Structure formats: C-alpha cells, structure tokens
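A quick write-up on the structure given underneath.
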Amino acid sequence: MSTATLFNERAILSFIALPLDGSYHPSPTTEPVDFLKRHLHHLPPHLVAQFSSVTTPKQRAAIPTVRNRRLKYAESDPTDLSFTAARSTWPTLWEGRERRGIEEGKDEKDWAQHEFLHGSTKHVGKLGDLLGGYEEEREAERVRSIRREEAAKEEFIPEEDESDSDDDESEQVSNALANLEFESEGDQRISFLRRIKERFIYGLLENMDYDAVDWDESLDTENDREAEERWFDDEED
1 MSTATLFNER AILSFIALPL DGSYHPSPTT EPVDFLKRHL HHLPPHLVAQ
51 FSSVTTPKQR AAIPTVRNRR LKYAESDPTD LSFTAARSTW PTLWEGRERR
101 GIEEGKDEKD WAQHEFLHGS TKHVGKLGDL LGGYEEEREA ERVRSIRREE
151 AAKEEFIPEE DESDSDDDES EQVSNALANL EFESEGDQRI SFLRRIKERF
201 IYGLLENMDY DAVDWDESLD TENDREAEER WFDDEED
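All residue numbers for the sequence shown refer to the UniProt record's numbering, where the first residue is 1 and numbers rise by one.
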C-alpha cells in the first residue's frame, strides 16, 4: 500500500478548517513533525494515525505530547517493557551474565509438569527437564545469532588511523577499569530497564509498537486537554 493511500492531506487540513491551496505552513506532508507539534490535539485518532506513514518513531520524539505519552506509558510498567520481555526482545542491550533462556525454560518445564497429560505419567518430570533445557539453549542460540549479526555489521566500519592508537589504548584501559566495578544483579536490572525506557521514549527501540502509544489520547494529561479546548474556543470566536 502506497504512502499516498495511507496519508490524506486534504482530509487532515479540512478537519481543522485550514487552507487547501498549499499555502498553509507547516505542511502536514512536507513538515509533518512541526505540523503535529501544533495540531496533534486537534485531529481525531483515525486522521492522526496516518502520520505513521510519513514519520518515524525517532522523529516523533521531537513532539512534546508524544514524549509525554511515551513517558506516562513507560511509567505504567507495561508488560512489553518488563525486564523479562525487554531482555528477550532486545537481548544485546542486556549486559547481565546469567544463562540465557532461564525464564523460557521454566515455562516449558511448568507446561510439561502441569498441562501435558495432566501431569499424570511418571515420565512427565523428565520431559519437563528436557523441554526446559531445550528452550534455554534455543534462547541462548538466538542471542548468539543476533550478536554475530551485529559483529558482522561492525566489520564494515573503517579502521581509524594509526595516529589514534594512543587514544585507543587509553580508552581500552578506561573501559577495563570500568568493567572491574562490581554491580549486583539488581543494579544491572535497574540500569537495563532505565536504558530500555530511555530508548523507548526517544524512539530508538526496534520491534516496538510505537503507534499504539503515540496516538493514544488517554495518555494525555489534563493540561494537554485544556490546551486543546482553548484552541477550539479561539477558532469559534
């Protein structure tokens, strides 16, 4: 489906009684972020959602209302930003050292023990252990595969001049010293979740349904709603 089909500039401008002759700026087509900064609260969901086809989550992070909605969503502790879900979805951002797939393996084991044949056979316990081990290894292999892909991408980064070798060595020493600092698993989780939420707010997470948050009016504050009402009142005067 083309962007032209998805994005109807005429319908957007008509809804808020703006000129249709191309004289209005910021233009929703060529300046969508600036347009949304001014008119996001003036459009109904079915029209504002069309801006997903002409903006990226990262670009929309420049819109204060969108950032506020993302922040409120993140602070509600949603399942998709929980530790277990985030570690599975964005494994390369997690720097913890425990074995991968432990949670997934536990789920498989619980299923075998409680659901498979209602847990009535004497071999169910062994089956649970086996399935749990398989799932743990599958998750570990998935993470290894992702890391290999990212490492392959880094091979295309040009090498720096030898004149920078001293700086590189100093940086390596600094990094090594930083890695010596002890960080508990609890601290690692807190740091990881903070990083995930920050990247979410700034539109930097892949495989995230930003549209469901960015266009959700229920995440607005009372001040946002009052500003919208004032704008419509001014238009009627």
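Where is the CB? At the ideal position from N, CA and C, for every residue including glycine.
Small disclaimer: the values here were computed from a predicted structure and weren't measured.
By the DSSP assignment, the alpha helix (DSSP H) with Gln59 in it spans what residues? By one-based count along the sequence shown, residue 59 stands at place 59. That run of the alpha helix (DSSP H) goes 57-60.
Kindly indicate which residue of Gly22, Leu71, Thr55, Ile63 has the alpha-carbon position closest to the one of His41. Within the sequence shown, residue 41 is the residue found at index 41, counting from 1. Checking every option, the nearest Cα to that of His41 belongs to Ile63.
Rounded C-alpha distance that separates Gly119 from Thr89: Taking the first residue of the sequence shown as 1, we reach residue 119 at position 119. Taking the first residue of the sequence shown as 1, we reach residue 89 at position 89. Residue placement at Gly119 cannot be trusted, given a pLDDT of 49 that sits under 50; what the coordinates show is reported in the next sentence. Near 31 Å, if we compare the C-alpha coordinates of Thr89 and Gly119.
For Asp220, which option in Phe35, Leu93, Leu13, Lys72 has the closest C-alpha, if you only look at C-alpha atoms? Position 220 of the sequence shown, counted from the start, is the residue given in the question as residue 220. Comparing Cα positions, the closest option is Lys72.
Given a threshold of 16 other Cβ atoms within 10 Å of its Cβ, counted over all protein chains shown, does Ala212 qualify as buried or as exposed? Here the question's residue 212 lines up with position 212 in the sequence shown. Its Cβ having fewer than 16 others within 10 Å, Ala212 is exposed.
On the DSSP letters alone, give me the boundaries of the alpha helix (DSSP H) that Ser14 sits inside. On the sequence shown, residue 14 is found 14 positions in, with the first residue counted as 1. It spans 9-15 - the alpha helix (DSSP H) in which Ser14 sits, taken as one unbroken run.
Along the alpha helix (DSSP H) that carries Glu185, what are the first and last residues, could you check? The residue you call residue 185 lines up with position 185 of the sequence shown. Element bounds for Glu185: 185-201.
Secondary structure of Thr30, DSSP reduced to three states: Position 30 of the sequence shown, counted from the first residue, corresponds to residue 30. In the structure shown, Thr30 sits in coil (DSSP, three-state: anything other than H, G, I, E or B).
Do three or more CB pairs link the segment 17-26 to the segment 52-67 at distances below 8 Å? Not touching, per the Cβ criterion.
Smallest Cα separation from Gly96: which of Ile12, Trp215, Glu185? To locate residue 96, count along the sequence shown from 1; it is residue 96. When each option's Cα is compared against that of Gly96, the closest is Glu185.
On the CB-based measure, 16 or more other CB atoms within 10 Å of its CB, does Asp209 come out buried or exposed? Stepping through the sequence shown from its first residue, residue 209 is reached at position 209. Classification for Asp209: exposed.
Report the rounded CA-to-CA distance for Val66 versus Trp94, giving the unit in angstroms. Here residue 66 refers to the residue found at position 66 of the sequence shown. Here residue 94 refers to the residue found at position 94 of the sequence shown. Between Val66 and Trp94, the C-alpha separation is close to 26 Å.
Count the other CB atoms within 10 Å of the CB of Ile201; is the residue buried (16 or more) or exposed (fewer)? By 1-based counting over the sequence shown, the position of residue 201 is 201. Its Cβ being crowded by 16 or more others within 10 Å, Ile201 is buried.
In whole angstroms, what is the alpha-carbon distance linking Glu217 and Leu43? One-based indexing of the sequence shown puts residue 217 at position 217. One-based indexing of the sequence shown puts residue 43 at position 43. Going by the C-alpha atoms only, they are around 10 Å apart.
Are Ile12 and Pro28 close, meaning C-beta to C-beta below 7 Å? Along the sequence shown, one-based indexing puts residue 12 at 12. Along the sequence shown, one-based indexing puts residue 28 at 28. In contact: Ile12 and Pro28 (Cβ atoms closer than 7 Å).
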